[in-house]
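Just so you know, the protein sequences line up as chains P, H, Y and G, in that order.
Letter by letter, the first sequence follows residues 1 to 215 of our numbering.
Letter by letter, the second sequence follows residues 1 to 215 of our numbering.
Letter by letter, the third sequence follows residues 1 to 215 of our numbering.
Letter by letter, the fourth sequence follows residues 1 to 215 of our numbering.
Each residue gets a CB set at the ideal place from its N, CA and C atoms; glycine is no exception.
There are 4 protein chains.
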Amino acid sequence: MAQIATHSHLGRPVNEEARALRREQILAGARVCFLRKGFHAASTAEISAEAKVSVANLYQYFPTKDDLVRALIDEELAGDLELIRIVEEAPSFRQGLEITTRMVTANREVAHDSRLRLEILAEAARNPAIAAVVKAADDQLVREIGAVIARYQAKGELRADFAPEVAARIIVSLFDGMTGRFAFGLSETEDLIVAADQFIVQALAPAAVSPSPTP
Amino acid sequence: MAQIATHSHLGRPVNEEARALRREQILAGARVCFLRKGFHAASTAEISAEAKVSVANLYQYFPTKDDLVRALIDEELAGDLELIRIVEEAPSFRQGLEITTRMVTANREVAHDSRLRLEILAEAARNPAIAAVVKAADDQLVREIGAVIARYQAKGELRADFAPEVAARIIVSLFDGMTGRFAFGLSETEDLIVAADQFIVQALAPAAVSPSPTP
Amino acid sequence: MAQIATHSHLGRPVNEEARALRREQILAGARVCFLRKGFHAASTAEISAEAKVSVANLYQYFPTKDDLVRALIDEELAGDLELIRIVEEAPSFRQGLEITTRMVTANREVAHDSRLRLEILAEAARNPAIAAVVKAADDQLVREIGAVIARYQAKGELRADFAPEVAARIIVSLFDGMTGRFAFGLSETEDLIVAADQFIVQALAPAAVSPSPTP
Amino acid sequence: MAQIATHSHLGRPVNEEARALRREQILAGARVCFLRKGFHAASTAEISAEAKVSVANLYQYFPTKDDLVRALIDEELAGDLELIRIVEEAPSFRQGLEITTRMVTANREVAHDSRLRLEILAEAARNPAIAAVVKAADDQLVREIGAVIARYQAKGELRADFAPEVAARIIVSLFDGMTGRFAFGLSETEDLIVAADQFIVQALAPAAVSPSPTP
DNA sequence: GATGAATGAGGGTTCATTCAT
DNA sequence: TATGAATGAACCCTCATTCAT
C-alpha cells in the first residue's frame, strides 16, 4: 500500500493521486455550498466556483449533481463509524458517552455538520436511493451501539430490561434531534449535550434496589 | 343582518368563507407537493395543479412561494401546542406522556408529518426568517413542557436534579430525532415511541431511595 | 346644452354625467402611471389602483388597455390645437411665438407632458393605428401653422423664400425635439424655449437688404 | 507568438474574436426586435430567436435584458460623435451641415435609427441609469457642437449674439425632433433635412449690415 | 354599475448538462 | 485533463382579460 506513494511520480499513479485530490477539492467546495444553500438551491456553477474548478471539469469527476450529493453523503456517514470505535473501547459506558460528547463538541463547527445532516435526512425523505444509503449507515450504527449496550448490560453496568437495539435507536434519535437544534442555534450546544449524557445514563442505570417499601 | 355588510351597493361582497376554503385547498395541495419533493423542488405549477387551481389564482392567496411555505410551517407548528394541553391536564407525568404518544401515533400519517418537519428544519437552517418562526414555536414548546416538568418535580413525581427546561429540551430533541427516523421508515413508529416514553420516565424517575437506607 | 345640467337628477343624464366623470378619473390615473412607467410597463392593476377603481370597472370604460392608451393620446393631441388659436390671433408672428412659449412654459409641469409625448411618439413608431392618429393631429398642426406663416409672409413680416408648410414642419420638429430634452431634464426648460423663439424669428426674418456690398 | 496565451495547458483558450462576433450577432438581433416592438415589448425569447442563439446563451453575453438595452444604447450614442468630427473638419459651417445632412440621409435606413433613438429617449425618461448615459452623450455632443459654432462665430461666419452652447442645443433639438418625425414617416426625410440646414444657416447668419448703413 | 375572483399566456432568468477545443 | 461555449427545459411570477355576484 505504500506502493501508491512510492509511485507518486511515475506514469499512472500520479494521475490517480491528482484525481483524488481534485475530487476532494470539489467535494470541499460542494460541502460549503450545500451548507450555505442546501442541496437543491446550490448550483453546480456555484459549487465549481467555490472549488475553483470549471463546471465541465466538475462533471468529469461527478457525472451528475446527484452523484456529488451522494458522494458527500457517503463521506459524512463514514464519519459516524469512527465514533463507535471510541465508545467500544471505553472502560465504562458513562465514560464512552463522555468521550463521544467531547469529540462531537470539540470537533470543528458542530453546527455546520448538523446542517448537512439535516439536509441529508431531508433528501433521504424523498430520494429512495439516498434513503437506502442513510438507512444502511444507520443500521450499522444502531447495531454496533446496541452491541456495546448489550455488553455493558451483561456486566450489570446498565439495566437489563431494555432491548439493546431499542435503546440504541433512542440514543441515536436523541443525538439526531439535538443535531437538528444545533443546526440553527436552537440551543446551546455543549450544555445540552452534557445534560443529554446524564439523561441517558440515568435512563439506563440499573434499577436501584427498587423503592423497597417493605421490610 | 345587523348591518354586517356595510357595502350596500359597492359591488360583489367579499366572501370570507370561500376565501378561507380556497386557502386551505391550496395549502393542502402544497403540503402534498412539498412532502413529495421538498420545498425547493416542488414547483408552483405542480402545487396549483395538485390544488386544482390556476397558478395565477394561487398567487392571489400567497403572493410568494415563500409565503406558501411560511403558511404551511405556521400551520404545522401550531399543531404542537395542542399537545401541550394534553400533557398539562394529565393526572401524572407518565400518563401525560402515554397520551401524547397515543395521539401522535394514532393521529394521521405520522410519517408524512415527520417529513414536513424535517423539511421545515432544513429550511430553517438556511432561511433566517423561517428559523425565527421555528425558534419562537420551539421556545414556547420548551417553556411549557419545562413548566409541566417543574410542577411534577415539585410534587416529587420526578427527580429534582434536572433543570426543567433542560429536560424539556432533551425530550423535545428526542421526539424530533425520532420524527426524523419515521420520516423515511428508519424505525418502526409505535414501538420506538413507546420505548422512548419508558426511557424518559426512567431518566427522570426520582432517585430511588438510594441503595439501602434501611436499618 | 344647458339641458344636460338641467336634467342632472333625472333618469339617464345623471348616468351619462357620472360615466364621464369616471372616465376622466380613470384617465387621470392612467396618465400618472403611464408617465411613471410608460405604456407597456404600467399595468392595468396599477392604473386602477391609482384611479381608485376596480380593475373590472376600468374594463367597463375601456374595453382594452389599448383603448385606454388611445384615449389618453387623443386627449393629449387635442391640447395642441389650442395653441394654434393663440398664434392665429396674435398681432405679429414674433408675439405669437412669445405667447405660445409663455403658455407652454407656464403651463403645468412641462416635463410631465414631455414624457407623455415621448411615449406617444414611441408608441406611434410601432403601432400603425396610433401612428395614424398622431399623423392626423400633426398634419392639422402643420397645416394650420403653415397657414399662419403664409399669412405673415404675405404681410412681408417673414421672408418669403420658405415654403410655409416646410417652415411649419421645422418649427414643430424643433419644439418636439426640445420636448424630448425636457422629458428628462437634459436642458433648462425656459431658457431654451426663449432662445428657440429667437432662433426661429431670425431664421424666418425677411432677408435684410442683403449685405449690399456695393453702392 | 510572443506568449500571448499564457494559459499553456489550462484548457480551451478564450476566443475573444468569436465572442465579439457573437456579441454583435446578438446585438443585431436585439436591434431588429427592439425596433419592431420597443424595449419592453420585445422578449428575450424573440431576440434570441432573431439572433439565432439560445436564450441561455444570450444571457451569457448580457446578464440582463437591461444590459442588452444599455449596450445597444451605447452603440447608438457612440455613432453621434462621428458626426462631430465631420463638422469639425469642414471648411465652412454651411458645408459642415451639408455634409452631415448627406451622411445622415444617405446613411442606412434613417427611419430605423430614428425609431431606436425615440425608444432610447422614452426609456431614458423613466430609467435614471439610462438617462445618465444619454445625458452624458448629449452633453458631449452639445459641448463639441458648441465649440464648433464658437469657432465660426470668431471667424465672423456666424452671428455672435447667440451663446454657442445654446445654439448647439437648439440645433440638436431640431435634429432630434426631425428624427422623431422620420421614425414613423411623418415627413419626407431628405426634403426636411435640407430645409432644416437652410433654416439653421439663416438663423445663425451674421446680422446683415442692418437695413441701410449707406450714405 | 361596480366589485371580487379566476385564469391562460407569456416574461425574464437560471440550471443541469453537453459539446468543442 | 481541463476549460470555454452552448442549450432545452423549467421556474417563479405578472399581466391583460373575463366571469360571477
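Against chain H, the CB of residue 178/P has a partner CB under 8 angstroms away; the residue lies at that interface. For residue 50/H, the closest of 28/H, 64/H, 178/H and 196/H by C-alpha to C-alpha distance is 28/H.
Residue 126/H is classed as buried because its beta carbon has at least 16 other beta carbons within 10 Å across all chains shown. Close partners of residue 85/P in chain H (Cβ separation under 9 angstroms) are lacking, with about 22 angstroms as the shortest Cβ gap. Between the stretch 169–176 of chain G and the stretch 185–197 of chain Y, the count of C-beta pairs closer than 8 angstroms reaches three or more; the two stretches touch. Residue 134/P sits close to residue 77/P, with the two beta carbons spaced by under 8 angstroms.
Contact annotation: residue 149/H and residue 128/H have beta-carbon atoms that are not nearer than 8 angstroms. Contact annotation: residue 130/P and residue 84/P have beta-carbon atoms that are not nearer than 8 angstroms. Using a Cβ-Cβ cut-off of 8 angstroms, residue 40/Y is close to 38, 40 and 41 of chain G, given in chain order. Taking the CA atoms as reference points, residue 201/H sits about 53 angstroms from residue 14/H. Judged by DSSP secondary structure, residue 166/G falls within the alpha helix (DSSP H) whose first and last residues are 164–183. In the three-state reduction of the DSSP assignment, residue 48/P falls in the helix class, which pools H, G and I. Considering only 147/P, 70/P and 161/P, the residue with the shortest C-alpha distance to residue 117/P is 70/P.
Using a CB distance below 7 angstroms, the part of the stretch 118–144 of chain Y facing chain G consists of 118, 119, 121, 122, 124, 125, 126, 131, 135 and 138, ordered along the chain.
In the three-state reduction of the DSSP assignment, residue 159/P falls in the coil class, being assigned neither a helical nor a strand state. The CB of residue 195/Y comes closer than 7 angstroms to the CB of 166 and 170 in chain G, given here in chain order.
DSSP, read as helix, strand or coil, puts residue 190/H in helix.
Residue 112/H is positioned such that its CB atom lies closer than 8 angstroms to that of residue 35/H. If only uninterrupted alpha helix (DSSP H) runs of at least 4 residues are considered, those enclosed by the stretch 42–97 of chain H are 44–50, 55–61 and 65–88.
For residue 93/G, the nearest beta carbon of chain Y is not closer than 8 angstroms to its own beta carbon. Within its own chain, the residues whose Cβ lies closer than 7 angstroms to the Cβ of residue 61/G, once the five positions on either side in sequence are excluded, are 22, 23 and 26, listed in chain order. The Cβ atoms of residue 105/P and residue 190/P sit closer than 8 angstroms to each other. When secondary structure is reduced to three states using DSSP, residue 131/H falls in the helix class. Excluding its 5 nearest sequence neighbours in each direction, residue 119/P has C-beta neighbours in its own chain below 7 angstroms: 34, 38 and 39, listed in chain order. Taking all protein chains shown into account, residue 92/G has fewer than 16 neighbouring C-beta atoms within 10 Å of its C-beta and is therefore exposed. Proximity to residue 82/G across 103/G, 114/G and 146/G peaks at 103/G, based on C-alpha coordinates.
By the neighbour-count criterion, in which a residue is buried when 16 or more other Cβ atoms sit within 10 angstroms of its Cβ, residue 67/Y is exposed. In chain order, 159, 162, 202, 203, 204, 205 and 207 make up the part of chain Y whose C-beta sits under 9 angstroms from the C-beta of residue 202/G. Taking a beta-carbon distance threshold of 8 angstroms, residue 183/G counts as an interface residue toward chain Y. CA-CA distance, residue 174/P to residue 80/H, rounds to 19 angstroms.
Using a Cβ-Cβ cut-off of 8 angstroms, residue 174/H counts as an interface residue toward chain P, since at least one Cβ of chain P sits closer than that to its own.
Listed along chain H, no residue sits closer than 7 angstroms to residue 72/P by beta-carbon distance, the nearest being about 15 angstroms off.
Counting the other Cβ atoms within 10 Å of the Cβ of residue 96/Y gives 16 or more, which makes it buried. When secondary structure is reduced to three states using DSSP, residue 14/H falls in the coil class, being assigned neither helix nor strand.
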